[in-house]
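First the structure, in the form of C-alpha cells, and then the observations on it.
Residue numbers (our numbering): 13 to 175.
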C-alpha cells in the first residue's frame, strides 16, 4: 500500500509523530512518503499514487488549525477538487489549553465531507516517553480499518454489479 503522510510542525513534535508513523508503516512493508505541507504542489502530485493519506498538525492559538494546513485543505478540496483516498489524522497539543488538539477535530470536520476518515490520534506535546508506542498502535488500528474498508467497498461493488 502507498501511504502519504503530510504534516506541519512548529516545535518538531508533530514531525516526530509523523516519522514514528512512517517507521511503523514501513515495518509492515508499506511504501511511505512523508512530506512537510510547505511542498503543496508535490503533495498534489503524490496524492494520485496514495492509497492512504495522513494529515498531521499542531493546534495553534485558541484551538485553531494553523493557516498552512487550512490553506492546504482548501487547495486540495475546494480549488483542485481532488478525489482523496481514505484519510487518517494526527496531531499534537497541550492539555493545559482548553481546546486540546482541536486541529485534529477541525481537519476531521472538513475531510469527512469529501472522503472516509479512518481514525485520529492526539498526542500530548512530544511522543517521547510513555507515549512513544501510540503511533505504532495507531498504525495497527489503521491497517485493521483499511482491511474493513476495502472488504466493505468490495461487497458494495459486488452488490451494485449484481443488480
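A virtual CB, placed ideally from N, CA and C, is assigned to each residue, including glycine.
Bear in mind the structure is a predicted one, so any value in this text is a computation, not a measurement.
> Cα-Cα, which of 100, 71, 143 is closest to residue 109?
Replying inline: Numbered from its first residue, the chain shown carries residue 109 at position 97. Among 100, 71, 143, the Cα nearest to that of residue 109 is on 71.
>> So the candidates are 45, 65, 30; which of them puts its Cα closest to the Cα of residue 123?
In response: The residue you call residue 123 lines up with position 111 of the chain shown. Comparing Cα positions, the closest option is 65.
> When the distance is taken between beta carbons, is residue 132 closer than 8 Å to residue 187?
Replying inline: The structure shown does not extend to residue 187, since the chain spans only 13 to 175, so no value can be given for it.
> Who are residue 18's beta bridge partners in DSSP?
Replying inline: Counted from its first residue, the chain shown places residue 18 at position 6. Per DSSP, 47, 67.
>> DSSP three-state label for residue 77, please.
In response: Position 65 of the chain shown, counted from the first residue, corresponds to residue 77. The answer is coil: DSSP assigns residue 77 none of H, G, I, E or B.
> What's the C-alpha gap between residue 112 and residue 141?
Replying inline: In the chain shown, residue 112 corresponds to position 100, counting from 1. In the chain shown, residue 141 corresponds to position 129, counting from 1. Approximately 19 Å, taken between the alpha carbons.
> For the segment 23-43 against the segment 73-82, are there 3 or more C-beta pairs whose distance is under 8 Å?
Replying inline: no
> Between 87, 39, 74, which lies nearest to residue 59 when the distance is taken from Cα to Cα?
Replying inline: Here residue 59 refers to the residue found at position 47 of the chain shown. Out of 87, 39, 74, 87 has the C-alpha closest to the C-alpha of residue 59.
> When the Cβ atoms of the segment 41-49 are set against those of the segment 97-104, are three or more pairs found closer than 8 Å?
Replying inline: no
> For residue 12, does the count of other Cβ atoms within 10 angstroms reach 16, so buried, or fall short, so exposed?
Replying inline: The question about residue 12 has no answer, for the chain in this structure spans 13 to 175.
>> Between 55, 137, 150, 67, which has its C-alpha nearest residue 92's C-alpha?
In response: Taking the chain shown and counting its residues from 1, one reaches residue 92 at position 80. The candidate whose alpha carbon is nearest that of residue 92 is 55.
>> Report the CB separation of residue 35 from residue 17 in whole angstroms; it is logged as a contact under 8 Å.
In response: Taking the chain shown and counting its residues from 1, one reaches residue 35 at position 23. Taking the chain shown and counting its residues from 1, one reaches residue 17 at position 5. With 8 Å as the limit, residue 35 and residue 17 do not qualify as a contact, their Cβ atoms being about 11 Å apart.
>> Using only the alpha-carbon positions, how far apart do residue 155 and residue 21 sit?
In response: The count along the chain shown starts at 1 and reaches residue 155 at position 143. The count along the chain shown starts at 1 and reaches residue 21 at position 9. Each residue's Cα considered, the two are about 25 Å apart.
>> Our contact map puts residue 146 next to residue 119 with C-beta atoms below 8 Å; I'd like the distance itself, whole angstroms only.
In response: For the purposes of this step, residue 146 is taken as residue 134 along the chain shown, with counting starting at 1. For the purposes of this step, residue 119 is taken as residue 107 along the chain shown, with counting starting at 1. The Cβ separation is near 18 Å, so there is no contact.
> Do you know offhand how far residue 136's Cα is from residue 61's?
Replying inline: Here residue 136 refers to the residue found at position 124 of the chain shown. Here residue 61 refers to the residue found at position 49 of the chain shown. If you take the alpha carbons of residue 136 and residue 61, they lie about 31 Å apart.
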